[in-house]
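A.B. asks: Residues 15 to 627 in the numbering used here are what the sequence shown lists, from first letter to last. In this text, a Cβ means the ideal position worked out from N, Cα and C, and glycines have one as well.
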Amino acid sequence: MSDIKVTDLDFDILKENLKDFLRGQEEFQDYDFDGSGLQILLDILSANTHYNAIYQNMVANEMFLDSAVLRESVVSRAKALGYVPSSLKSAEIDVTLKVVESVIDKQPASVALPAYSNFSASKDGVTYIFQNLTGQTLSDSGETDSGGGKIYEGTFTIKQGVAVEQNFTVNFQSNPDQRFIISNSNVDISSLVVSVNQTPQDQTATFAVSTPAENVVEVGSTDNVYWVNENESGNYEIYFGNGRIGKKLSDGAAIKIQYLTTSGAVGNNISEGFSFGDTIVTSDSSYTQFDTSKASTATSSFGGADKETIEEIRFTSPKFYEMQNRSVTALDYKFLIQKKYQNVDSIKTWGGEDNDPVYYGRVFISLKPKTGFFITETAKKNIINDIVKEYNVVTIDAEIVEPVFTFVEVDTEVKYNLREVPQGEEHVKNQIISSISTFNTDNLGKFDSYFRYSQLTTKIDTTSDAVKSNVTSIKLQNRLVLALGVSSSYISTFNNEILAGTLESDKFTYDGNIDSFLKDDSKGNISIFTFAGDTELQIVSNIGTIDYNKGSISLNGFIPTAISSGDDYIKLKAQPRSNDLSPLRNQILTIDESAININMNNISEQFLTKNQF
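(1) Per DSSP, what kind of secondary structure is Gln552 in: helix, strand or coil?
(2) Where do the N-terminal and C-terminal ends of the alpha helix (DSSP H) with Ser468 fall, by residue?
(3) Just to confirm the assignment, what range does the beta strand (DSSP E) spanning Thr363 have?
(4) Mapping DSSP to helix, strand and coil, what is Gly278?
(5) Report yes or no: do three or more beta-carbon pairs, one from the segment 506-517 and one from the segment 549-569, lie closer than 8 Å?
(6) The alpha helix (DSSP H) spanning Val442 covers which residue range?
(7) Mind reading off the beta-carbon distance from Phe465 to Val422? Whole number of angstroms is fine, and I expect it under 8 Å.
(8) What residue from Phe453, Gly459, Thr477 has the CA that sits closest to Lys443's CA?
(9) Report yes if the C-beta distance between Thr385 and Asn454 is below 8 Å; otherwise report no.
(10) Quick one: Cα of Phe621 to Cα of Asn431, how far?
(11) In angstroms, rounded to a whole number, what distance separates the CA positions of Val201 and Thr390?
(12) Can you tell which of Val554, Thr604, Glu439 has its C-alpha closest to the C-alpha of Tyr467?
(13) Below 7 Å CB to CB, which residues in the same chain sit around Met15 once its five sequence neighbours on both sides are set aside?
(14) May I have the straight-line CA-CA distance separating Met614 from Lys482, to the nearest angstrom?
(15) DSSP state of Gln39, grouped into three classes?
(16) At 3 residues or longer, what runs of the beta strand (DSSP E) sit wholly inside the segment 517-603?
(17) Could you tell me the alpha carbon to alpha carbon distance between Phe461 and Lys394, rounded to whole angstroms?
(18) Would you mind reading off the limits of the alpha helix (DSSP H) that contains Arg91?
(19) Smallest Cα separation from Tyr166: which of Tyr142, Glu251, Ser199, Ala126?
(20) Start and end of the beta strand (DSSP E) containing Asp411?
(21) Given this structure, state the Cα-to-Cα distance separating Ser277 from Lys382, to the nearest angstrom.
(22) Output needed for Ile557: all residues of its chain with C-beta closer than 8 Å, excluding positions within five of it in sequence on either side, in chain order.
(23) Using only the alpha-carbon positions, how far apart do Val98 and Val176 sit?
(24) Nearest to Ile512 by alpha carbon, out of Ser502, Tyr524, Asp534, Ile617?
(25) Using only the alpha-carbon positions, how far apart do Glu181 and Ser100 sit?
(26) Any chance the segment 72-90 sits against the segment 136-150, with 3 or more Cβ pairs inside 8 Å?
(27) Can you name, in chain order, every residue of its own chain whose Cβ lies under 7 Å from the Cβ of Ile397, other than the five neighbours on each side?
(28) Would you mind listing the beta strand (DSSP E) stretches within the segment 265-336 that are 3+ residues and don't spill past its ends, in chain order?
(29) With 16 other CB atoms within 10 Å as the buried threshold, where does Lys29 fall?
(30) I need the DSSP call for Ile259, collapsed to helix, strand or coil.
(31) How about Asp108 and Thr171: do their beta carbons lie closer than 8 Å?
(32) So, is Ala74 buried or exposed, given that buried needs 16 or more other C-beta atoms within 10 angstroms?
(33) What does the Cβ neighbour count give for Leu13, buried or exposed, with the cut at 16 atoms within 10 Å?
(34) Can you tell me whether Gln215 is helix, strand or coil according to DSSP?
(35) Straight-line CA distance for Tyr142 to Gln174?
(36) Alpha carbons only, please: which of Asp305, Pro436, Thr452, Gln192 is nearest the one belonging to Asp479?
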């Protein structure tokens with residue numbers, strides 16, 4: 015028996031091992047194991063051993079975060095690291111609500127809008143409900159409607175979802191573990207409000223709001239706190255202190271929880287059609303919608319996110335553990351925001367020692383949202399107040415800075431064989447545009463994404479068998495927002511070396527000269543030019559300088575009065591010294607898909623076979 019290999023757990027090997035063992039016993043000498051009834055018993059023993067090996071292997075796999083397959087196993091291992099998987103997150107948007115009173119002779123100074131009032135908006139034919147989580151005060155706007163009714167208005171945040179309330183009673187006999195399960199799986203945990211009435215039998219007793227426990231070191235024995243976990247069934251549950259860490263609930267205490275049930279990420283990108291569906295009723299009047307619109311600072315609803323997946327939990331929980339519930343390093347801030355704020359497509363953080371100029375004691379954060387180029391001012395305030403300040407240490411400040419986009423213009427000459435394309439030249443051209451767009455989506459548009467020239471040209475070549483080669487050139491493009499009619503200084507940096515004498519700009523009006531433009535003299539000086547007929551005429555010399563090594567452009571005392579394109583910015587373009595491009599800090603490289611230029615060159619005659627006879 016000592017010669018049996020216990021590591022061989024395949025069915026056939028197990029069976030042969032059992033046979034070898036039995037053959038070594040005197041009682042079974044010269045026994046035919048293959049042709050006897052013992053064959054059935056060997057099959058049963060081998061199958062049983064094989065199944066047990068599989069089950070034990072699966073159990074062992076579920077004990078470790080790296081190998082666990084079941085969600086409840088991954089969540090359990092993450093729980094040991096102090097990590098709670100993110101729930102669905104509600105999309106939000108700032109709206110301005112105007113209501114008009116029905117009894118015009120009352121005219122109070124303000125009107126109270128109750129919490130969880132209903133708003134609605136539609137996207138793709140589906141109506142989504144939004145609610146305000148806190149009560150709001152609508153002030154006198156100074157306007158009246160056609161009937162003389164006073165109009166009240168207020169601007170505030172609404173979140174996508176419907177409020178739900180659950181009630182529990184503490185009973186240590188029937189529920190000794192005191193785990194209170196949130197029944198709805200679409201809960202947004204960040205909207206959870208937990209209230210406790212320790213003595214509900216006392217008619218004068220009221221509910222006191224409990225707060226989520228963030229740092230166990232700071233929780234005392236009488237603090238009204240609660241914890242949230244995801245349980246084995248995938249629902250969230252809340253539990254309270256034990257009298258040493260957090261206040262212990264008394265038997266018979268009443269618990270009330272309120273939260274939003276939400277649709278998650280599908281609630282994002284709703285920008286129009288918001289409507290107030292309730293009527294505000296007071297003791298002597300009522301108020302109905304006069305107008306509802308998104309606030310002037312809002313673009314569309316944002317911040318909605320789906321529940322964290324198994325792989326996301328597996329990746330994030332060890333990183334969150336490294337933070338130790340505080341933010342000190344730049345990476346701490348990165349993982350904290352990724353955990354708490356899901357409307358982020360890409361995030362970059364760096365310490366002040368790596369900034370230009372150096373700024374010790376500060377961490378810089380740059381965020382690119384999942385839609386659009388920049389996050390809203392409301393989102394910035396929420397991140398700083400609700401996330402960053404909650405975890406940062408006293409000696410470190412955090413600052414959110416906008417990402418800087420550097421666009422790449424692509425100009426390519428493609429040689430192709432028209433005979434291999436029955437659909438024609440335009441079909442191949444559209445395929446190439448699609449290939450470049452795919453390359454842009456897959457490789458660029460995020461922080462720390464490098465532009466690899468060879469990868470782009472290979473992507474073009476592999477678009478179709480009809481494409482034989484391509485000669486591609488690129489330009490860098492920055493967009494400089496101008497204050498028209500105001501003497502200002504500007505700095506725009508490509509953060510890549512550029513070739514002297516290649517600076518271009520969009521046309522603008524300067525000192526009455528229409529279609530003026532910027533141009534460098536290959537020596538680092540920038541001047542303003544225009545055309546007099548076909549003659550290039552310099553109208554302002556040395557308006558700025560250009561550092562070819564850093565790709566940095568500086569303009570001083572620049573006073574354009576109009577931009578020919580009608581945009582609020584001009585494009586600054588230059589040819590890079592290297593076709594491989596590198597981003598720096600909060601810089602994002604992306605292809606300007608509106609500036610892709612493709613010149614199709616049919617070389618089908620090169621593939622004609624000449625008749626030699």
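C.D. replies: Looking at the atomic coordinates:
(1) DSSP places Gln552 in the strand class (E or B) of the three-state scheme.
(2) First-last of the alpha helix (DSSP H) with Ser468: 467-475.
(3) Per DSSP, Thr363 is one residue of the beta strand (DSSP E) stretching across 358-365.
(4) Reduced to three states, the DSSP call for Gly278 is helix.
(5) Yes, since at least three Cβ pairs between the segment 506-517 and the segment 549-569 fall closer than 8 Å, the two stretches touch.
(6) That run of the alpha helix (DSSP H) goes 439-457.
(7) Taking 8 Å as the upper bound for CB-CB distance, Phe465 and Val422 are in contact here, some 6 Å apart.
(8) Of the candidates Phe453, Gly459, Thr477, the one whose C-alpha sits nearest the C-alpha of Lys443 is Thr477.
(9) In this structure, the beta-carbon distance from Thr385 to Asn454 does not fall below 8 Å.
(10) So the two alpha carbons sit approximately 8 Å from each other.
(11) Cα-Cα distance, rounded: 25 Å.
(12) That would be Thr604, whose Cα lies nearest to the Cα of Tyr467.
(13) Any reading at Met15 needs caution, since the residue's pLDDT is 49, under 50, leaving its predicted position unreliable; the model's value is listed next. Answer for Met15: Phe35, listed in chain order.
(14) Our two residues, Met614 and Lys482, have alpha carbons roughly 11 Å apart in a direct line.
(15) Gln39: coil per DSSP, three-state reduction.
(16) The qualifying runs are 522-524, 527-534, 539-546, 549-561, 566-572, 574-577, 583-588.
(17) For Phe461 and Lys394, the distance between alpha carbons rounds to 18 Å.
(18) Boundaries of the alpha helix (DSSP H) around Arg91: 85-94.
(19) Distances from the alpha-carbon of Tyr166 to those of Tyr142, Glu251, Ser199, Ala126 put Ala126 closest.
(20) Element bounds for Asp411: 411-415.
(21) A direct Cα-to-Cα measurement between Ser277 and Lys382 gives close to 22 Å.
(22) If we look at Ile557 and ignore the five residues flanking it on each side, its Cβ neighbours are Leu532, Ile540, Ser541, Ile542, Leu569, Asn570, Gly571, Phe572.
(23) If you take the alpha carbons of Val98 and Val176, they lie about 23 Å apart.
(24) Its Cα nearest to that of Ile512, the residue Asp534 stands out among Ser502, Tyr524, Asp534, Ile617.
(25) Here residue 181 is Asn; the residue named in the question, Glu, does not match the sequence. One C-alpha to the other measures close to 23 Å.
(26) The answer is no - the segment 136-150 does not touch the segment 72-90, with fewer than three Cβ pairs under 8 Å.
(27) For Ile397, same chain residues with a beta-carbon under 7 Å away, outside a window of 5 residues either side, are Ile351, Tyr355, Ile414 in chain order.
(28) DSSP runs (the beta strand (DSSP E)) wholly in the segment 265-336: 268-275, 300-308.
(29) Its Cβ being crowded by 16 or more others within 10 Å, Lys29 is buried.
(30) Assigned with DSSP and collapsed to three states, Ile259 falls in coil, not helix or strand.
(31) With contacts defined by Cβ atoms closer than 8 Å, Asp108 and Thr171 form a contacting pair.
(32) When all chains shown are included, Ala74 counts as exposed.
(33) Outside the displayed span of the chain (15 to 627) sits residue 13, for which this structure offers no information.
(34) Looking at Gln215 - three-state DSSP - the assignment turns out to be coil, as it is neither helix nor strand.
(35) If I take the Cα positions, the gap works out to 7 Å.
(36) Comparing C-alpha distances from Asp479 to each of Asp305, Pro436, Thr452, Gln192 shows the shortest one belongs to Pro436.
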